[in-house]
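Just so we're aligned, residue 18 is where the sequence shown starts under the numbering used here, counting upward by one. This report refers to the structure that appears directly beneath it.
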Amino acid sequence: MRNKQWDYGGHYRNLDLSGEISLPHDSVVKVCDWLEELPDFMLQADTLFIDPPWNKGNVNTFYTKAGKAHISLDFLEFSRRLFEKIDHINPDFLFIEMGKQYLGWYLEQASARYRYVTFYNSTYYRRPANKCYVIHAANQFKLKRYPHLEDQDEAAIIAWLCANHPYKCIGDLCMGQGLVGKHAFLAGRRFVGTELNHKRLAVLISDILQAEESGGNGTVNQ
Ligand SMILES: C[S@@+](CC[C@H](N)C(=O)[O-])C[C@H]1O[C@@H](n2cnc3c(N)ncnc32)[C@H](O)[C@@H]1O
Numbered sequence: 018m019r020n021k022q023w024d025y026g027g028h029y030r031n032l033d034l035s036g037e038i039s040l041p042h043d044s045v046v047k048v049c050d051w052l053e054e055l056p057d058f059m060l061q062a063d064t065l066f067i068d069p070p071w072n073k074g075n076v077n078t079f080y081t082k083a084g085k086a087h088i089s090l091d092f093l094e095f096s097r098r099l100f101e102k103i104d105h106i107n108p109d110f111l112f113i114e115m116g117k118q119y120l121g122w123y124l125e126q127a128s129a130r131y132r133y134v135t136f137y138n139s140t141y142y143r144r145p146a147n148k149c150y151v152i153h154a155a156n157q158f159k160l161k162r163y164p165h166l167e168d169q170d171e172a173a174i175i176a177w178l179c180a181n182h183p184y185k186c187i188g189d190l191c192m193g194q195g196l197v198g199k200h201a202f203l204a205g206r207r208f209v210g211t212e213l214n215h216k217r218l219a220v221l222i223s224d225i226l227q228a229e230e231s232g233g234n235g236t237v238n239q
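Written as structure tokens, this is what we have:
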């Protein structure tokens with residue numbers, strides 16, 4: 018029952034998920050753990066949108082779902098490693114989705130790296146009770162805040178940014194089932210990403226291939 022629940026529709030069974038996976042608009046993704054490997058293609062991202070785990074329990078749950086052993090790092094060490102990868106990529110804009118518990122720490126880290134740092138109150142799964150925050154970090158004054166993103170669901174924020182934010186390539190180190198990839202694809206734009214769990218990443222790849230087969234634009238499953 019458990020395994021079935023974490024099967025994410027079983028799309029991974031029909032896909033070759035080894036190595037770098039090329040997708041439309043020069044996009045590339047890879048099933049990998051960025052604690053162990055940061056693929057070179059991630060350096061092409063000039064904007065990052067990352068929705069990482071929000072605490073240690075959440076990290077462990079994702080490792081279990083990916084069929085991997087729990088990691089020994091505490092949450093701040095995990096997060097420091099994440100910022101090492103972000104520093105290596107060095108994006109012009111950084112968006113990070115976070116829960117309340119570590120919002121302050123993540124804001125401090127963003128402020129140490131960017132001139133303008135703000136955040137949006139947000140929700141996930143379109144439920145008002147599911148509160149979260151989206152940090153927006155930038156060095157450009159003109160693009161330091163998008164007021165209309167306040168109080169929007171994460172999916173709406175991602176959709177708007179992927180369609181309208183001025184990036185050449187948007188990156189996501191924790192792609193999951195692929196909201197960032199899906200919305201960049203729908204906007205006809207380039208994305209790169211990594212994801213620990215091949216079963217989760219398979220959802221995005223399958224949706225994109227299906228949309229391509231059925232004639233292209235505009236119809237990726239919600
Ligand atoms: C909160 S979910 C992201 C959800 C995503 N925004 C979506 O559209 O589905 C966090 C994701 O990060 C992945 N993850 C956690 N640690 C990782 C790591 N070290 N390397 C790669 N992916 C990781 C998890 O497997 C999980 O899918």
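Built from N, CA and C at the ideal position, the CB exists for glycine as well.
Where the alpha helix (DSSP H) through residue i begins and ends
i, result
"R98", "F92 to I106"
"K4", "Because the chain here runs from 18 to 239, residue 4 falls outside it and cannot be looked at."
"L120", "L120 to S128"
"N181", "E171 to N181"
"G198", "L196 to L203"
Cβ distance (whole Å) where residue i is taken to contact residue j below 8 Å
i, j, result
"Y42", "G205", "A quick correction: the sequence has His, not Tyr, at residue 42. Confirmed, about 6 Å."
"R98", "L52", "6 Å"
"S223", "L32", "7 Å"
"F58", "N72", "About 29 Å; that fails the 8 Å criterion."
Endpoints, beta strand (DSSP E) assigned at residue i
i, result
"R217", "Taken as a continuous stretch (DSSP letters only), R217 belongs to no beta strand (DSSP E), being part of the alpha helix (DSSP H) at H215 to E230."
"A155", "K148 to A155"
"R207", "R207 to E212"
"Y137", "Y133 to T140"
"F110", "F110 to M115"
"D189", "C186 to D189"
C-beta atoms of residue i and residue j nearer than 9 Å
i, j, result
"D186", "Q22", "A quick correction: the sequence has Cys, not Asp, at residue 186. No, they are not a contact pair."
"P70", "F100", "no"
"M115", "I175", "no"
"K117", "C149", "yes"
"D104", "R143", "no"
"V45", "E37", "yes"
"I302", "L34", "The chain is shown only over 18 to 239; residue 302 falls outside these bounds and no answer can be derived."
"Y119", "Q157", "no"
"L196", "D50", "no"
"G188", "I106", "yes"
"T135", "K161", "yes"
"Y184", "D63", "yes"
| request: Flag this pair as touching only if the region 104 to 111 and the region 80 to 87 have three or more C-beta atom pairs under 8 Å; answer yes or no. | output: As far as the Cβ criterion goes, the region 104 to 111 does not touch the region 80 to 87, which means the pair count is below three.
| Any contact of the region 210 to 223 with the region 176 to 195, i.e. 3+ C-beta pairs under 8 Å? | Flag = yes, the region 210 to 223 and the region 176 to 195 touch.
| field | the region 138 to 151 contacting the region 159 to 174, beta-carbon criterion three pairs below 8 Å | value | Taking one beta carbon from each stretch, the region 138 to 151 and the region 159 to 174 have 3 or more pairs nearer than 8 Å; the two touch.
| field | Within the region 29 to 79, ranges of the beta strand (DSSP E) (whole runs, at least 3 residues) | value | Counting whole runs of 3 or more residues, the region 29 to 79 contains the beta strand (DSSP E) stretches 37 to 40, 44 to 48 and 64 to 67.
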